[in-house]
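J.: This structure is in structure tokens; I'll ask about it shortly.
2 protein chains.
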Amino acid sequence: MTAKQNIPLYQMVKQHILTLIDSKQWQEGERLPSENELVAELSVSRMTVNRALRELVAANRVERISGVGTFVAQAKVQSHPLEIQNIAEEIHARGHQHSCKVEAVEQIRASAETALSFDLAPGSRLFYSQIVHYESDMAIQVEERYVLPQFAPDYLQVDFNQQTSNQYLMGLNKQLSQVEQVVQAAMPSKAIAKDLQMDANEPCLLLLRRTWVEQKVVTSSKLHHPASRYQFGSRYQPS
Amino acid sequence: MTAKQNIPLYQMVKQHILTLIDSKQWQEGERLPSENELVAELSVSRMTVNRALRELVAANRVERISGVGTFVAQAKVQSHPLEIQNIAEEIHARGHQHSCKVEAVEQIRASAETALSFDLAPGSRLFYSQIVHYESDMAIQVEERYVLPQFAPDYLQVDFNQQTSNQYLMGLNKQLSQVEQVVQAAMPSKAIAKDLQMDANEPCLLLLRRTWVEQKVVTSSKLHHPASRYQFGSRYQPS
DNA sequence: CAGTGGTCTAGACCACGTT
DNA sequence: ACGTGGTCTAGACCACTGG
Numbered sequence: 001m002t003a004k005q006n007i008p009l010y011q012m013v014k015q016h017i018l019t020l021i022d023s024k025q026w027q028e029g030e031r032l033p034s035e036n037e038l039v040a041e042l043s044v045s046r047m048t049v050n051r052a053l054r055e056l057v058a059a060n061r062v063e064r065i066s067g068v069g070t071f072v073a074q075a076k077v078q079s080h081p082l083e084i085q086n087i088a089e090e091i092h093a094r095g096h097q098h099s100c101k102v103e104a105v106e107q108i109r110a111s112a113e114t115a116l117s118f119d120l121a122p123g124s125r126l127f128y129s130q131i132v133h134y135e136s137d138m139a140i141q142v143e144e145r146y147v148l149p150q151f152a153p154d155y156l157q158v159d160f161n162q163q164t165s166n167q168y169l170m171g172l173n174k175q176l177s178q179v180e181q182v183v184q185a186a187m188p189s190k191a192i193a194k195d196l197q198m199d200a201n202e203p204c205l206l207l208l209r210r211t212w213v214e215q216k217v218v219t220s221s222k223l224h225h226p227a228s229r230y231q232f233g234s235r236y237q238p239s
Numbered sequence: 240m241t242a243k244q245n246i247p248l249y250q251m252v253k254q255h256i257l258t259l260i261d262s263k264q265w266q267e268g269e270r271l272p273s274e275n276e277l278v279a280e281l282s283v284s285r286m287t288v289n290r291a292l293r294e295l296v297a298a299n300r301v302e303r304i305s306g307v308g309t310f311v312a313q314a315k316v317q318s319h320p321l322e323i324q325n326i327a328e329e330i331h332a333r334g335h336q337h338s339c340k341v342e343a344v345e346q347i348r349a350s351a352e353t354a355l356s357f358d359l360a361p362g363s364r365l366f367y368s369q370i371v372h373y374e375s376d377m378a379i380q381v382e383e384r385y386v387l388p389q390f391a392p393d394y395l396q397v398d399f400n401q402q403t404s405n406q407y408l409m410g411l412n413k414q415l416s417q418v419e420q421v422v423q424a425a426m427p428s429k430a431i432a433k434d435l436q437m438d439a440n441e442p443c444l445l446l447l448r449r450t451w452v453e454q455k456v457v458t459s460s461k462l463h464h465p466a467s468r469y470q471f472g473s474r475y476q477p478s
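So the protein lines, in turn, are chains A and B.
Per the working numbering: the first sequence = residues 1 to 239.
Per the working numbering: the second sequence = residues 240 to 478.
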């Protein structure tokens with residue numbers, strides 16, 4: 001475990017273990033090496049191995065039993081209900097036509113609120129896009145997205161009529177360390193209400209999503225949906 | 240920080256900090272003492288303080304900026320729809336007091352809409368309960384629930400001040416075959432707005448949940464939350 | 001520059017389950 | 001008795017921020 005960049009050691013330990021699990025070299029339910037064995041094998045301290053394993057427990061990839069050992073967790077029971085991929089696919093899956101209108105793609109300076117969500121200083125440079133999505137000519141989502149420039153340097157040159165911003169960002173194939181999703185209800189601003197052709201007194205359903213690489217927030221988006229035309233749903237079989 | 244039971248030190252550090260946040264002695268956005276200050280103050284090692292603070296970040300209670308400091312996070316009640324079993328536990332987990340007011344527990348005849356959601360004939364007999372839940376005296380949820388009588392014959396006799404309706408229904412230990420959850424935004428009716436002490440023009444965040452046994456819908460609930468005091472959220476590590 | 005958080009180490013003691 | 005994970009310490013070096 002000596003190949004070092006700026007990546008923390010415990011991250012590398014996690015990656016190492018995940019690689020072995022994902023490649024099936026360590027099967028479901030199988031016992032992992034003990035902390036002390038990993039210490040010897042990877043030449044790191046036990047605290048570092050311990051942290052890596054604790055985070056893998058939190059991520060539901062391994063289970064630990066005190067006095068017994070560490071085991072590969074059962075594969076995903078249920079995918080996250082709010083695992084919204086990209087709006088275009090979703091619309092096509094319903095057999096409808098997707099189209100969109102790009103209202104802005106530009107470099108901006110972070111407002112106080114935006115800066116806070118990125119843990120950056122106000123005034124920092126960010127990329128910003130605002131796109132309205134239509135399902136068979138009915139406005140269904142306004143997508144506001146902020147992107148850290150070093151995460152996607154060519155963001156401003158992308159043609160978002162060819163692919164959605166989400167598709168483009170996923171295509172970069174960077175390893176996200178964390179995803180946060182929040183669902184809220186709120187009254188729309190006048191501009192949003194107009195974009196979505198909403199009735200007066202109709203609320204919005206909001207999905208706020210942030211993604212991290214390492215310790216840094218790399219994207220932050222706010223998806224506005226008209227309450228009368230959109231909802232989040234899931235249906236599944238409980239275990 | 241010497242009062243020890245079998246409780247880990249980092250847990251006590253977390254509790255200590257949460258107590259000060261919840262009692263408003265440390266306000267939202269306010270800066271916490273640095274790690275070194277906490278080390279001196281609580282007589283524990285820095286690794287222990289660090290672990291406590293890292294877990295508070297994961298729990299969304301504080302935010303940290305490297306080179307700057309640690310700050311009390313904005314408080315917004317938040318939960319993950321899939322994980323919610325009962326509202327009382329959720330509130331207790333946040334260290335707050337749960338109370339409720341039972342507004343109705345009765346047998347009713349299904350309206351056209353309710354009948355549809357159960358796939359029954361309009362006018363069928365169903366049990367119905369309406370309960371307002373409070374988090375530290377702040378109204379946070381109106382729970383409307385319809386129950387198929389043969390699923391829970393004694394539903395009308397349960398004391399919902401003793402246990403949540405959800406707790407009671409789970410306690411029946413029937414094997415659910417399916418669960419459906421839908422999230423919507425909507426303006427509240429006047430009655431709901433009054434129960435939740437909501438401002439005019441404030442929308443509701445709705446969670447609709449239906450459960451099945453075999454091929455039959457056995458419960459259908461509608462949970463109303465004030466948009467300004469409640470949101471659904473999740474933060475996780477993608478693997 | 002001094003202060004902050006982020007990480008890492010090499011020890012240590014403990015409670016627990018298995019042998 | 002032994003190995004396991006769970007916790008804790010007292011140091012240390014680093015990158016970053018602020019004045």
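Every residue gets a Cβ at the ideal spot worked out from N, C-alpha and C, and that includes glycine.
Chain B partners of residue 204 of chain A, CB-CB under 7 Å?
T.: Within chain B, the residues near residue 204 of chain A are 424.
J.: Where does residue 7 of chain A sit, in a helix, a strand or coil, going by DSSP?
T.: Of the three classes helix, strand and coil, the one that applies to residue 7 of chain A here is coil, per DSSP.
J.: Would residue 421 of chain B count as contacting chain A if we go by Cβ distances under 8 Å?
T.: With 8 Å as the cut-off, residue 421 of chain B counts as an interface residue toward chain A.
J.: Based on DSSP bridge pairs, tell me the residues matched to residue 210 of chain A.
T.: Bridge partners of residue 210 of chain A: A:180, A:220.
J.: Reducing DSSP to helix, strand and coil, say where residue 174 of chain A ends up.
T.: DSSP places residue 174 of chain A in coil when its eight states are reduced to three.
J.: Closer than 7 Å between beta carbons: that is the criterion. Which residues of the region 98–127 of chain A meet it against chain B?
T.: Listed by position along the chain: 119.
J.: Mind checking if residue 201 of chain A is an interface residue toward chain B, Cβ cutoff 8 Å exclusive?
T.: For residue 201 of chain A, the answer is yes, since a Cβ of chain B falls inside 8 Å of its Cβ.
J.: Under 8 Å between the Cβ atoms of residue 364 of chain B and residue 346 of chain B?
T.: In contact: residue 364 of chain B and residue 346 of chain B (Cβ atoms closer than 8 Å).
J.: Would residue 76 of chain A be called buried (16 or more neighbouring beta carbons within 10 Å of its own) or exposed?
T.: With a pLDDT of 49 at residue 76 of chain A, under the threshold of 50, the modelled position of this residue cannot be trusted; read the value that follows with caution. Exposed: under 16 other Cβ atoms inside 10 Å.
J.: Which chain A residues sit within Cβ distance under 9 Å of residue 308 of chain B?
T.: Residues of chain A passing the Cβ test: none, with the nearest at roughly 12 Å.
J.: On the CB-based measure, 16 or more other CB atoms within 10 Å of its CB, does residue 380 of chain B come out buried or exposed?
T.: Buried.
J.: Are the C-beta atoms of residue 390 of chain B and some chain A residue less than 8 Å apart?
T.: False, the Cβ-Cβ gap to chain A never drops below 8 Å.
J.: For the candidate residues B:427, B:432, B:422, whose alpha-carbon lies nearest to that of residue 205 of chain A?
T.: The shortest C-alpha separation from residue 205 of chain A is found at B:422.
J.: Output, in chain order, the set of chain A residues within a Cβ distance shorter than 8 Å of residue 304 of chain B.
T.: What residue 304 of chain B touches in chain A: 119.
J.: Does the distance from the CB of residue 344 of chain B to the CB of residue 375 of chain B come in under 8 Å?
T.: Their beta carbons are not under 8 Å apart, which means residue 344 of chain B does not touch residue 375 of chain B by this criterion.
J.: CB residue 473 of chain B to CB residue 181 of chain A, shorter than 8 Å?
T.: Yes, these two residues count as a Cβ contact at 8 Å.
J.: Figure out for me which residue from A:168, A:143, A:39, A:89 has the closest Cα to the Cα of residue 193 of chain A.
T.: With distances taken between Cα atoms, residue 193 of chain A lies closest to A:143.
J.: Quick one: list the residues of chain B neighbouring residue 189 of chain A, beta-carbon separation under 9 Å, in chain order.
T.: The premise fails here: residue 189 of chain A is roughly 13 Å from chain B at the closest Cβ pair, so nothing lies under 9 Å.
J.: Taking residue 156 of chain A as the reference, give the member of A:33, A:102, A:88 with the closest Cα.
T.: That would be A:102, whose Cα lies nearest to the Cα of residue 156 of chain A.
J.: Whole-angstrom Cβ separation of residue 468 of chain B and residue 459 of chain B, contact assumed at under 8 Å?
T.: Incorrect: roughly 24 Å between the Cβ atoms, too far for contact.
J.: State the beta-bridge partners of residue 144 of chain A as determined by DSSP.
T.: In DSSP, residue 144 of chain A forms a bridge with A:130, A:222.
J.: Assuming the contact rule is C-beta atoms closer than 8 Å, residue 451 of chain B and residue 415 of chain B should be a hit. Round their C-beta distance to whole Å, please.
T.: Going by Cβ atoms, the distance from residue 451 of chain B to residue 415 of chain B rounds to 6 Å, so yes, they are a contact pair.
J.: The beta strand (DSSP E) that contains residue 71 of chain A, what's its start and end?
T.: Counting along the chain, the beta strand (DSSP E) containing residue 71 of chain A begins and ends at 69–72.
J.: At a CB-CB cut-off below 8 Å, which residues of chain A make contact with residue 282 of chain B?
T.: Residues of chain A passing the Cβ test: none, with the nearest at roughly 20 Å.
J.: When the cut-off is 8 Å and only beta carbons count, does residue 466 of chain B lie next to chain A?
T.: Yes, contact with chain A.
J.: At what residues does the alpha helix (DSSP H) containing residue 90 of chain A begin and finish?
T.: Where residue 90 of chain A is concerned, the enclosing alpha helix (DSSP H) stretches over 87–93.
J.: By alpha-carbon positions, which one of A:13, A:123, A:30 ends up nearest to residue 73 of chain A?
T.: Of the listed residues, the one whose Cα sits closest to residue 73 of chain A is A:30.
J.: With residue 348 of chain B as the anchor, note down where its alpha helix (DSSP H) starts and where it stops.
T.: Looking at the DSSP string, residue 348 of chain B is not in any alpha helix (DSSP H); the run it does join, the beta strand (DSSP E), is 337–348.
J.: So for residue 187 of chain A, helix, strand or coil by DSSP?
T.: DSSP places residue 187 of chain A in coil when its eight states are reduced to three.
J.: Taking only beta-carbon positions, decide if residue 74 of chain A is within less than 8 Å of chain B.
T.: No, residue 74 of chain A does not count as interfacial toward chain B.
J.: If residue 288 of chain B and residue 302 of chain B are in contact, beta carbons under 8 Å, what's the gap, nearest whole angstrom?
T.: Wrong, their Cβ atoms sit about 16 Å apart, outside the cutoff.
J.: Would you tell me roughly how many angstroms separate the C-alpha atoms of residue 13 of chain A and residue 298 of chain B, rounded to the nearest one?
T.: For residue 13 of chain A and residue 298 of chain B, the distance between alpha carbons rounds to 23 Å.
J.: Check whether the Cβ atoms of residue 147 of chain A and residue 139 of chain A sit closer than 8 Å, and answer yes or no.
T.: Not closer than 8 Å, so no.
J.: Following the continuous beta strand (DSSP E) through residue 241 of chain A, name the residue where it begins and the one where it ends.
T.: Any property of residue 241 of chain A remains undetermined from this structure, which presents chain A solely from 1 to 239.
J.: Does chain A have any CB closer than 8 Å to the CB of residue 410 of chain B?
T.: Not closer than 8 Å to any Cβ of chain A, the Cβ of residue 410 of chain B fails to qualify, so no.
J.: Rounding to the nearest angstrom, what Cα-Cα distance links residue 47 of chain A and residue 39 of chain A in this structure?
T.: Approximately 9 Å, taken between the alpha carbons.
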